[in-house]
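The listed protein sequences derive, respectively, from chains A and B. Heads up: take any position in the first sequence, counting from 1, add 8, and you land on our numbering. Heads up: take any position in the second sequence, counting from 1, add 2, and you land on our numbering. Backbone N, C-alpha and C define an ideal beta-carbon position, used for all residues, glycine too.
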Amino acid sequence: MKLLGRDIPARELIGRIEERLRSRGLPTSEAAEVPEEGVEPRVDPLSFYLHSLEEHADPTQPLPLHTHRGGVGQLVVVAKWAFRKTCQVLINETLARQRVFNGHVRDSYAQLSAEVLRLRREVEELRAAQAPATPPPEPPIVPVRPRRPRAK
Amino acid sequence: MAVHQLIPSFVPGDATGQAALHLQLLLRRMGHFGELYAGEVGAGLESLAHPVSALRPAPEDLVLYHHGIASPLSGLLMHLPCRRGLVFHNISPAHFYTGTPLAEALISGRAQLAAMAPFVEVALGVSDFNCAELRAAGYRNVHTVPLFIEPERFAEANADPALLQRLRGPSPTVLSVSRVAPHKRFEDLLALHAELVRLRPEARLLLVGGYEPGSRYFKSLQRTAKALPGVHFLGRLSHTELVAAYRSAHVFVSMSEHEGFGVPLIEAMAAEVPVLAFGAAAVTETLGGAGIAFDRKHFSFLAELVVEVTGNQDLRQRLLQGQARRLAHFSAENSQRALAEALRETASPRPRPRRPARKPKRPRVAIVVQRYGEVTGGAERHAQQLAEHLAPHWDLTLLTTCAKNHLSWENAFPPGPDRVDGLPVLRFPVTRTRNIRPFNALSNTVFNRANERLREEHWVAEQGPLSPALLAHLETARDAYDAFVFFTYLYAPTVWGLPMVADRTLLVPTAHDEPPIRFGTYADVFERPRVLMCNTPEEISLIERFYPKHARARVVGVGVDRPKATPQRFREKYGVHRPYLLYVGRLEPGKGIPELLSHHRALRQRYADAPDLVLAGEAHMDLSGEGVRYVGRIDEQDKHDALAGALAVVVPSRFESLSLLTLEAFAQSTPVLVNGHSDVLVGQVERSGAGRAYKDLESFITGLREVGQERAPMGNKGLAYAKKYSWTKVVAAYQEELDRILEEKRQ
């Protein structure tokens, strides 16, 4: 255990408290998992949106069933599941055109984002050719796969 | 350049909205005009923030977008045809919400953050930690501009007394403030409390923050809490209740595992509560060595630490002193310095006003007043008289609105250049009319209690008049004027416009003791101008009472004209044949007219020979009554004729900074009968010896009798007093103050 603070005699304070814990028969240091904390990594927008469009392009597929509510919330989840099971044919029929449209959106985004990546590379190459001294660092264009919630 | 702000949601209690208001305050102090635009504007807050669809920035304007969780506004920002900036409030890591729909929105928010990077000129993080995330997301021009709080709003005097009483209890009381969300780790607070009650069975845990009663997470917390004594979920609190909660606590504890800044940490410092916090993300940075940060959640150890901090007075004092030092870092001044540095590289050069070929011989001064021209109102009349007397000496421009009616602020005059009595007037449209009934209801909810800035700013916005074009003019044309004279502390153009040009501003506050003068939002108005040109010593004492750090103040007042008057002319013109009491001015409840009518009615019932009551001016209420004569608006000559012929002039308002009517009555050798609840009026009567003050019906009747009996000697005293108010002296005082500004400018 570390205590940080300019206005406290940290070592003396820890010693005093640990002494008290010992006298109460309690362990003075518990094995605790220290959470990893740091700056969150960059989520590359081009690949993230492409991935999201791929995953969500088909509107006939359900989102994972989830509720943050207890009690009645569970009933709602069951009702949603039953609706999906019994009405999937109807859902497919209703959203058929949307599915086609979403597919086009996904594909055109994929094409455009690939174009953007190609153009960025070209710009970088041109810049590098024009100013060989010290070009300013560009943000990484290598896509980082975002951590995604696992679908149930 | 105008600096507008774009926020996803502007609703009460939202930290981003609070940050945007604070930023707007700093930007005004830096001379920038700017409005707030929000994706969602809370009900009733439309006067403070506009819908996003109304955002039409000019190419040279800067729009600062406040980013957090995924929002469609990020896409909008990238396409705005202006300069763009970003304020990053951080995003909770998605791993805390894996398997929930929120995770998608959190990751999307980070993707949007990275997507905006190439389109943004300047990025502001509220902590170094946030700035590090901005850099990792691809931003280059990144600056830390810390949030700030106003410590005085967390003083014990601002605590809700009922809740303070209810929460008062035995030590130790542990407090935590944040919305109930998994990454805030409320379960760890409960685990700490379980250890603490083993040591101190009377210990209490106060949990403040919004929660969803039906959520599975909250229900599990509730189940755990039920097994423990002394746990209180207080939910979302109003500002005064929040202060009561802070002020009831012995220790503030944060177990949160992710904070981009941690506003409650510094609020606790302001409320003089020792802080213990898990050192996650930006927490240790915010604490800056103050309070105690810990790296492990060893609950039995932490329970002993809570006991130590509450029981060891020496340690407690050292912690509080250290926290007070740390709190000073989160001042508006420090944030402004950081913001100025951040915007320095972004700022476009201010457009230089077209200067005349030859240097102007006379100083160029703008008088800013909420209404001007053919309008009724003491402050407006004051401004008009001053303008007329200063015009021979200065190159004056009157900056005002198109409004005529001070209740509705409806545009009555055409916008643009105008001339009133030969003086150039520049009128700007009012964008929002006022409905006085809901406004009065709003006043009842904010008067005579402590509020957070949002509620006070909201009241100012509803008070109006809202004229963004006037504020924009102050920014763009400020260099066209050598100085500004602002009139009346109360109205929005002064509250928001004065800070933009404070270094060359003379304020005529016309302050009187009314509830809004206690609002902290008026601090800039009284503390930042070069000088306060007050009307009476009582006014300075009043300002001193609420704003001890006010700008230099001097009593200047007004001059009084003494035109020749013929009472008979007024009597014949309006058919007034009996002795009469006179009131001239706005006829509305706020001026004490209902009380005056009631006293006059009682007077008539008791005495058959009671004088009539003559009322002149713009009426906003029913004036019927036996012996009451309403003569409508009258011109200047009629007014002086009426003043000269009155038995006495009655001044029934309790809110006066200087009664021009009183001085004009004195100038016509007529005594006055004034509201004794107004220190200013009582001071004027006492100094002159030319009238009486009343506080109730009996003193009204007694005063009237005395004034009637001694009318001539009192009138003479009044005349002698009025002669001291000369325009020559007033003009000299203004000249002197302007010379100081010009001298400084030259140096």
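Contact check, residue i vs residue j, beta carbons under 7 Å
| i | j | result |
| --- | --- | --- |
| B:Leu1 | B:Trp498 | Past the boundaries of the shown model lies residue 1 of chain B; chain B is included only from 3 to 749, so the question cannot be answered. |
| B:Leu278 | B:Ile268 | no |
| B:Ala485 | B:Val367 | yes |
| B:Ile369 | B:Ala342 | no |
| B:Val462 | B:Leu500 | no |
| B:Asp643 | B:Ala724 | no |
| B:Leu223 | B:His195 | no |
| B:Asp63 | B:Met118 | no |
| B:Glu310 | B:Ala283 | no |
| A:Leu73 | A:Lys88 | yes |
| B:Glu628 | B:Arg606 | yes |
| B:His622 | B:Arg656 | no |
| B:Ala51 | B:Leu38 | yes |
| B:Ala125 | B:Leu82 | no |
| B:Ser302 | A:Leu34 | yes |
| B:Leu428 | B:Leu401 | yes |
Euclidean distance between Cα positions of residue i and residue j
| i | j | result |
| --- | --- | --- |
| B:Asp420 | B:Glu376 | 12 Å |
| B:Leu599 | B:Gly379 | 20 Å |
| B:Gly634 | B:Tyr582 | 16 Å |
| B:Leu136 | B:Gln114 | 12 Å |
| B:Asn143 | B:Pro14 | 31 Å |
| B:Thr226 | B:Leu534 | 59 Å |
| B:Ala555 | B:Val487 | 14 Å |
| B:Pro95 | B:Phe332 | 26 Å |
| A:Ala159 | B:Phe35 | Bear in mind that a pLDDT of 41 at A:Ala159, under 50, signals an unreliable position, so the model cannot answer this. |
| B:Asp698 | B:Thr447 | 28 Å |
| A:Leu61 | A:Arg114 | 6 Å |
| B:Leu198 | B:Ser256 | 15 Å |
| A:Pro154 | B:His69 | Note that A:Pro154 has pLDDT 46, beneath the 50 cutoff, so the model's placement of it is unreliable and no number is given. |
| B:Leu8 | B:Leu29 | 14 Å |
| B:Asn479 | B:Pro495 | According to the sequence shown, residue 479 of chain B is Ala rather than Asn. Answer to the nearest angstrom: the Cα atoms are 15 Å apart. |
| B:Pro163 | B:Leu645 | 49 Å |
| A:Gly13 | B:Ala305 | 17 Å |
| B:Thr704 | B:Gly647 | 21 Å |
| B:Pro59 | B:Ala735 | 42 Å |
| B:Ala695 | B:Gly232 | 57 Å |
| B:Ile519 | B:Glu274 | 26 Å |
| B:His241 | B:Phe489 | 31 Å |
| B:Arg200 | B:Tyr549 | 48 Å |
| B:Gln465 | B:Tyr524 | 13 Å |
| A:Thr102 | A:Phe91 | 14 Å |
| A:Pro151 | B:Arg328 | Note that A:Pro151 scores a pLDDT of 49, beneath 50, so its modelled location is shaky and nothing firm can be said. |
| B:Val733 | B:Gly619 | 28 Å |
| A:Arg156 | A:His59 | Summary for A:Arg156: the model assigns pLDDT 48, below 50, so the residue's position carries little reliability; its value from the coordinates is reported in the next sentence. The straight-line gap from Cα to Cα measures roughly 10 Å. |
Residue(s) in a DSSP beta bridge with residue i
| i | result |
| --- | --- |
| B:Met535 | B:Arg556 |
| B:Ile369 | B:Leu400, B:Val487 |
| B:Val65 | B:His6, B:Arg86 |
| B:Glu42 | B:Ser11 |
| B:Asn677 | B:Tyr696 |
| A:Arg128 | According to DSSP, which records beta bridges pairwise, A:Arg128 is partnered with nothing at all. |
| B:Asn413 | B:Ala405 |
| B:Ser217 | A:Arg77 |
| B:Leu126 | B:Val89, B:His145 |
| B:Pro426 | B:Arg421 |
| B:Ala650 | B:Leu583 |
Closer than 8 Å at the beta carbon, the chain B residues around residue i
| i | result |
| --- | --- |
| A:Val85 | Per Cβ cutoff of 8 Å: no residues; A:Val85 is ~11 Å from chain B at best. |
Under 9 Å by beta carbon: chain A residues contacting residue i
| i | result |
| --- | --- |
| B:Leu29 | Result: empty, since nearest Cβ-Cβ is about 28 Å, beyond 9 Å. |
Amino acids of chain A, ordered along the chain, whose beta-carbon sits closer than 8 Å to that of residue i
| i | result |
| --- | --- |
| B:Gln323 | Asp15 |
| B:Glu529 | By Cβ distance, chain A contributes nothing, its closest Cβ being about 31 Å from B:Glu529, past 8 Å. |
| B:Gln114 | Pro53 |
| B:Phe296 | Met9, Lys10, Leu11, Leu12 |
Listed by chain order, chain B residues near residue i by CB distance under 7 Å
| i | result |
| --- | --- |
| A:Arg28 | Glu306 |
For the 8 Å Cβ check, are there 3 or more pairs between the segment 686 to 696 of chain B and the segment 401 to 412 of chain B? no
Segment contact flag, the segment 704 to 719 of chain B with the segment 656 to 666 of chain B, C-beta cutoff 8 Å, min 3 pairs: no
Pair every Cβ in the segment 204 to 212 of chain B with every Cβ in the segment 170 to 188 of chain B, then say whether three or more of these pairs are closer than 8 Å. yes
Per the contact definition of three or more C-beta pairs closer than 8 Å, is the segment 122 to 139 of chain B in contact with the segment 211 to 219 of chain B? no
For the structure I just gave you, are there three or more beta carbon pairs, one from the segment 62 to 69 of chain A and one from the segment 22 to 33 of chain A, closer than 8 Å? no
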